[in-house]
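What follows is a short report on a single structure.
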Amino acid sequence: MSATGPSTTPSKIEWVRFISPLLVAVALMAVLWLAILNVTRSERDRARALAEGELTNFALMYDLYVSETLATIDGLLKHLRYTLLEMPEHLDHEIAAVGQSPLARHFIGFGYTDANGVSPFFSNTVTGLPLDLSDRPHIARHLADRRDAVFVGQPLFGRASNQWSIHFSRPIIGASGEFLGVAILAVSPNVFTEAFAKVNLGPRGGITLVGIDRVIRARESRLQFETNPMGFTLPGDRPFFDPAKPAADIITFDSALESTTRLAAYRRLEKFPLVVVVHQVMDDIFADVRVRERKLVALGGFISFAAALFAVALSLLVRRRVLAQAALANVRATLAESERRFRDFAESSNDWFWETGPDHRFTHFIVADANKTLEWVKNIGKTRCELMAEDNPRDLVETHRRVLEAHRPFRDLEYQFRSASGEMAWFKVSGRPIFHESGQFLGYRGSASDNTATRRAAEQLIAAKERAEAADRAKSEFLANMSHELRTPLNAVIGFAEIILMTPPGTPLDSRLLGYAADIKASGAHLLSIINDVLDVSAVDAGMLVLNESVVDLDDVVDSCVRMVQGRADSGRVTLAVRIEPSLPDLVVDPRRIKQALLNLLSNAIKFSPDGGVVRLSATRPAEGGVAIAVSDQGIGMSAEDIAVALTRFGQVSTGFARQHGGTGLGLPLTRSLIELHQGSLAIASEPGLGTRVTLWLPPTRLAWEGANESPTPISAIGDSLAEKVGTVALVKGGKVC
1099 MSATGPSTTP SKIEWVRFIS PLLVAVALMA VLWLAILNVT RSERDRARAL
1149 AEGELTNFAL MYDLYVSETL ATIDGLLKHL RYTLLEMPEH LDHEIAAVGQ
1199 SPLARHFIGF GYTDANGVSP FFSNTVTGLP LDLSDRPHIA RHLADRRDAV
1249 FVGQPLFGRA SNQWSIHFSR PIIGASGEFL GVAILAVSPN VFTEAFAKVN
1299 LGPRGGITLV GIDRVIRARE SRLQFETNPM GFTLPGDRPF FDPAKPAADI
1349 ITFDSALEST TRLAAYRRLE KFPLVVVVHQ VMDDIFADVR VRERKLVALG
1399 GFISFAAALF AVALSLLVRR RVLAQAALAN VRATLAESER RFRDFAESSN
1449 DWFWETGPDH RFTHFIVADA NKTLEWVKNI GKTRCELMAE DNPRDLVETH
1499 RRVLEAHRPF RDLEYQFRSA SGEMAWFKVS GRPIFHESGQ FLGYRGSASD
1549 NTATRRAAEQ LIAAKERAEA ADRAKSEFLA NMSHELRTPL NAVIGFAEII
1599 LMTPPGTPLD SRLLGYAADI KASGAHLLSI INDVLDVSAV DAGMLVLNES
1649 VVDLDDVVDS CVRMVQGRAD SGRVTLAVRI EPSLPDLVVD PRRIKQALLN
1699 LLSNAIKFSP DGGVVRLSAT RPAEGGVAIA VSDQGIGMSA EDIAVALTRF
1749 GQVSTGFARQ HGGTGLGLPL TRSLIELHQG SLAIASEPGL GTRVTLWLPP
1799 TRLAWEGANE SPTPISAIGD SLAEKVGTVA LVKGGKVC
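Numbering (the working numbering), first residue to last: 1099 to 1836.
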């Protein structure tokens, strides 16, 4: 809103309201005229469909009538021919019989000719006999083509009879097939139209009988033509002349006799070379429709005029109202601007604002976040105590209820609230009561803020403090566990070094001092091993231990490890038994880490084996593929609980024998991590008093040649008779004891 205040000019929307009645009137008139157009179009379609049905029915009736009439005429010709051939003496009787035919009044004459086309007899002739008819088309046709078929001649106008006639003829064929002449029957064209003279086909409709030679034989119509249609030759583009077109159909064509467009139904006769056509002028078909169209147009014009007047009057009325409302809108805009100003202040705040009624139920929220607005709107009609009751202490809810009932202000009330999604949040709320001028209590208004982030930050700080304390305890436990392991070799190094230093100068070192030096070396090596294990575990945890892979021979790796622990085994009177399956493939591994893993297992097995015990190392190919390396001993063994402890870093099995030998508790966990880095696994089978077998499995992807997956050895073949003796088996995979 500008500083000069709201505008007094009607807005674009208000002007749209002003012209909307005109637009509605135009739209209604468009709908009206579209409806009129649709109605007239439908009326025309119905009128045409009705005309097509009537024309089709009349064409069928005319087809049957003409076919029956032609059959009667052809029957008379055949009977006349039979009389001439078989009973010429009864010709007079036959002539009398023809005169008694129902069609006799349409007969103009009948007779016959000889083989040369000369007629010795023809009724109603005014010229002398014999009469040479060989030049007539129907006679010439039979003289040229003597097949036994009826011929329908073209219409002829008789100068003597002063009327049109159609000559029907059939050849007279003797018993031996010889051509003897032609039987002739002249018929008036009215025989084909008289029965349909009273059929109502409109003022200009009609029926036509036309030959396939395109010449009209008969026509009945109320229309008087300037050109006589009898004998008229129609254009050749009519579909009913084309044998490829349907034998019966509805067509539209321009008349060749007058300037009209006609709708016609035609049928080609099945046994005669003729076509019957029943037709109406298109203007006559739609005459009634045009009358109704004019009425609809007049009605539509009247309605359009009335609608236009009404729309103009309504627009003027709306214009007055728009101008009147513009002033009122200015006042409302000023008030709305003031409300928006305070709403902007509220919505730009991190807090949100609320209002309750006298019953303490929420009636309004102003929240900057649209998503939270939708969520809080669902709480309209509820009280805060209802929202607090589920997830807050009862005394907090009751205290707040008493404050509300006393209509006292409150500040920084903190409570928990569970959202519709189930997420828990902390809110801090302040509010003050509102009263009417009369002193009536109207409700509360106040603000609220989301204190969840602060709460969670405090909880995270506490959790971080607890984790730091746990890490400090773990460090203390680690130092406590490592103190013995580090102190013992250091004491040996310091003690034996002092003894050697106390030897007078120039005194040759005897075997005792050499032994001290050897102990110093062994203690230093042990200390270095401990430090290396700790560093390797740290590297694994940090994901920084990288394998330096190469193709190695497992026999060489095993031989190297056995040589390194042989002295320790001999000193403990422990026998080392090695069995490597022949033709094992080379491995793609880090040789140093594989040796480190095997040395850890061999060292543990020798350490926990009694005097005279046997430690066995075997390498085979299990059924699941890859390579399995097993180290077994006849030592103290472990329970399932002890196995879980042994696989925990710095874990010490709590047996007297184990405590006697000591250790960092890193050997088995580090071995497992090294094998898992090679995508393998570690399995432990053990039972107290019977011994332990640890199996390292490397997958087929660690084999160095393609045929390495053929002919595997069952996993049951790994190890020795311990497999039948032990009862506790632990499979280590993915860092867990299963």
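By construction, the Cβ of each residue, glycine as well, lies at the ideal position given by its N, Cα and C atoms.
Going by the CB atoms, is the gap between Ala1284 and Ile1270 shorter than 9 Å? Here residue 1270 is taken as the residue at index 172 of the sequence shown, counted from 1. Here residue 1284 is taken as the residue at index 186 of the sequence shown, counted from 1. Their beta carbons are not under 9 Å apart, which means Ile1270 does not touch Ala1284 by this criterion.
Which runs of the beta strand (DSSP E) at least 3 residues long sit entirely within the region 1650 to 1708? Give them in chain order. 1673 to 1678 and 1685 to 1687
Thr1291 - DSSP class collapsed to helix/strand/coil: Here the question's residue 1291 lines up with position 193 in the sequence shown. Reduced to three states, the DSSP call for Thr1291 is coil.
Taking DSSP as the reference, what is the three-state secondary structure of Thr1181? If you number the sequence shown from 1, residue 1181 lands on position 83. Correct three-state label for Thr1181: helix.
Does the region 1331 to 1350 come close enough to the region 1389 to 1406 that 3 or more CB-CB pairs lie under 8 Å? no
Does the Cβ of Thr1793 have 16 or more other Cβ atoms within 10 Å, making it buried, or fewer, making it exposed? Position 695 of the sequence shown, counted from the first residue, corresponds to residue 1793. Buried, because 16 or more other Cβ atoms sit within 10 Å of the Cβ of Thr1793.
On a CA-only basis, which of Arg1390, Glu1535 and Val1495 is nearest Arg1139? Give me that one, please. Working through the sequence shown from its first residue, we reach residue 1139 at position 41. Taking only the C-alpha atoms, the option nearest Arg1139 is Arg1390.
Which residue's Cα is closest to the Cα of Ser1274: His1177, Leu1183, Ser1737 and Ile1478? As a working mapping, residue 1274 is identified with position 176 in the sequence shown. Checked all of His1177, Leu1183, Ser1737 and Ile1478; the closest Cα to Ser1274 is Leu1183.
Between the CA atoms of Gly1710 and Ser1730 - distance to the nearest angstrom: On the sequence shown, position 632 is the one that residue 1730 refers to. On the sequence shown, position 612 is the one that residue 1710 refers to. Cα-Cα distance, rounded: 14 Å.
Spatial distance of Pro1674 from Val1687 (CA atoms): In the sequence shown, counting from the first residue as 1, residue 1674 sits at position 576. In the sequence shown, counting from the first residue as 1, residue 1687 sits at position 589. Contrary to the premise, residue 1674 reads as Leu rather than Pro in this sequence. Between Leu1674 and Val1687, the C-alpha separation is close to 25 Å.
Leaving out the 5 sequence neighbours to the left and right, which residues in its chain are closer than 8 Å to Gly1256 when beta-carbon positions are compared? The sequence position of residue 1256 within the sequence shown is 158, counting from 1. Ile1206, Trp1262 and Ser1263.
Does DSSP put Ala1637 in a helix, in a strand, or in coil? Against the sequence shown, residue 1637 aligns to sequence position 539. Here Ala1637 sits in helix by DSSP.
Beta-carbon gap between Gly1304 and Arg1317 smaller than 9 Å: Numbered from 1 along the sequence shown, position 206 holds the residue referred to as residue 1304. Numbered from 1 along the sequence shown, position 219 holds the residue referred to as residue 1317. It is a contact, given that the beta carbons lie within the stated cut-off.
What do you reckon, is the C-beta of Asn1646 under 8 Å from a heavy atom of the ligand GTP? Of ligands this structure carries none, so the ligand GTP is not represented either.
Measuring straight from C-alpha to C-alpha, what distance separates Arg1203 and Leu1168? Here residue 1203 corresponds to residue number 105 of the sequence shown, with the count starting at 1. Here residue 1168 corresponds to residue number 70 of the sequence shown, with the count starting at 1. Cα to Cα, the separation comes out at about 15 Å.
Spatial distance of Gly1479 from Gly1398 (CA atoms): Here the question's residue 1479 lines up with position 381 in the sequence shown. Here the question's residue 1398 lines up with position 300 in the sequence shown. So the two alpha carbons sit approximately 56 Å from each other.
Can you tell which of Arg1666, Val1660, Glu1484 and Trp1803 has the C-alpha that lies nearest to the C-alpha of Pro1683? The count along the sequence shown starts at 1 and reaches residue 1683 at position 585. Here the closest residue by C-alpha is Trp1803.
At the level of alpha carbons, what is the spacing between Leu1697 and Ile1782? As a working note, residue 1697 is residue 599 in the sequence shown. As a working note, residue 1782 is residue 684 in the sequence shown. Straight-line Cα distance between these residues: approximately 16 Å.
Taking the alpha helix (DSSP H) that Gly1765 belongs to, which residues open and close that run? Taking the sequence shown and counting its residues from 1, the one referred to as residue 1765 is at position 667. Per DSSP, Gly1765 belongs to the alpha helix (DSSP H) from Gly1765 to Leu1775.
Since Val1216 and Asp1230 should fall inside the 8 Å C-beta cutoff, what is the C-beta to C-beta distance between them, to a whole number of angstroms? Position 118 of the sequence shown, counted from the start, is the residue given in the question as residue 1216. Position 132 of the sequence shown, counted from the start, is the residue given in the question as residue 1230. With a Cβ gap of about 5 Å, Val1216 and Asp1230 count as contacting.
State the DSSP-derived secondary structure class of Ile1348, mapped to helix, strand or coil. Along the sequence shown, one-based indexing puts residue 1348 at 250. Reduced to three states, the DSSP call for Ile1348 is strand.
Here's the rule I'm using: 16 or more other beta-carbon atoms within 10 Å means buried, otherwise exposed. How should Tyr1210 be labelled? As a first step, residue 1210 must be located in the sequence shown, where it is residue number 112. Buried, by the Cβ-count rule.
Along the chain, where does the beta strand (DSSP E) containing Pro1269 start, and where does it finish? As a position in the sequence shown, residue 1269 is number 171, starting the count at 1. Its beta strand (DSSP E) spans residues Trp1262 to Ile1271.
Alpha helix (DSSP H) segment containing Val1743, residue limits: For the purposes of this step, residue 1743 is taken as residue 645 along the sequence shown, with counting starting at 1. Per DSSP, Val1743 belongs to the alpha helix (DSSP H) from Ala1738 to Ala1744.
Assign Gly1778 to one of three DSSP states: helix, strand, or coil. Numbered from its first residue, the sequence shown carries residue 1778 at position 680. The answer is coil: DSSP assigns Gly1778 none of H, G, I, E or B.
Segment limits, alpha helix (DSSP H) that includes Arg1482: Taking the first residue of the sequence shown as 1, we reach residue 1482 at position 384. Its alpha helix (DSSP H) spans residues Arg1482 to Met1486.
Kindly indicate the opening and closing residues of the beta strand (DSSP E) around Leu1299. The residue given as residue 1299 occupies position 201 in the sequence shown. No beta strand (DSSP E) holds Leu1299; DSSP gives it neither H nor E.
Inter-residue spacing [alpha-carbon to alpha-carbon] between Ala1726 and Asn1490: Taking the first residue of the sequence shown as 1, we reach residue 1726 at position 628. Taking the first residue of the sequence shown as 1, we reach residue 1490 at position 392. Their Cα atoms are separated by approximately 60 Å.
Terminal residues of the alpha helix (DSSP H) in which Asp1381 lies: Along the sequence shown, read from residue 1 onward, the residue named residue 1381 stands at position 283. That run of the alpha helix (DSSP H) goes Met1380 to Ile1383.
Residue of Pro1708, Val1635, Phe1266 and Asp1631 minimising C-alpha distance to Ser1669: If you number the sequence shown from 1, residue 1669 lands on position 571. When each option's Cα is compared against that of Ser1669, the closest is Pro1708.
Could you pull the start and end residues of the beta strand (DSSP E) that Asn1718 belongs to? As a first step, residue 1718 is located in the sequence shown; it is residue number 620 there, counting from the start. Correcting the residue type first, residue 1718 is Thr in the shown sequence and not Asn. Val1712 to Thr1718 is the extent of the beta strand (DSSP E) around Thr1718.
Nearest to Asp1382 (by Cα), restricted to the options Arg1315, Pro1531, Leu1780 and Asn1298: For the purposes of this step, residue 1382 is taken as residue 284 along the sequence shown, with counting starting at 1. Checked all of Arg1315, Pro1531, Leu1780 and Asn1298; the closest Cα to Asp1382 is Asn1298.
Please determine, among Lys1393, Phe1277, Ala1695 and Phe1156, the residue with the shortest C-alpha to C-alpha distance to Ala1363. Taking the first residue of the sequence shown as 1, we reach residue 1363 at position 265. Of the candidates Lys1393, Phe1277, Ala1695 and Phe1156, the one whose C-alpha sits nearest the C-alpha of Ala1363 is Phe1156.
Just to confirm, is the Cβ distance from His1498 to Phe1539 under 9 Å? As a first step, residue 1498 is located in the sequence shown; it is residue number 400 there, counting from the start. As a first step, residue 1539 is located in the sequence shown; it is residue number 441 there, counting from the start. Not a contact, by the Cβ cut-off of 9 Å.
Using the beta-carbon count (16 or more within 10 Å), is Met1486 buried or exposed? Position 388 of the sequence shown, counted from the first residue, corresponds to residue 1486. Buried, by the Cβ-count rule.
Tell me which same chain residues have a C-beta within less than 6 Å of the C-beta of Thr1359, skipping the five on either side of it? Your numbering for residue 1359 matches position 261 in the sequence shown. Once the five neighbours on either side are set aside, the close Cβ partners of Thr1359 are Asp1352 and Met1380.
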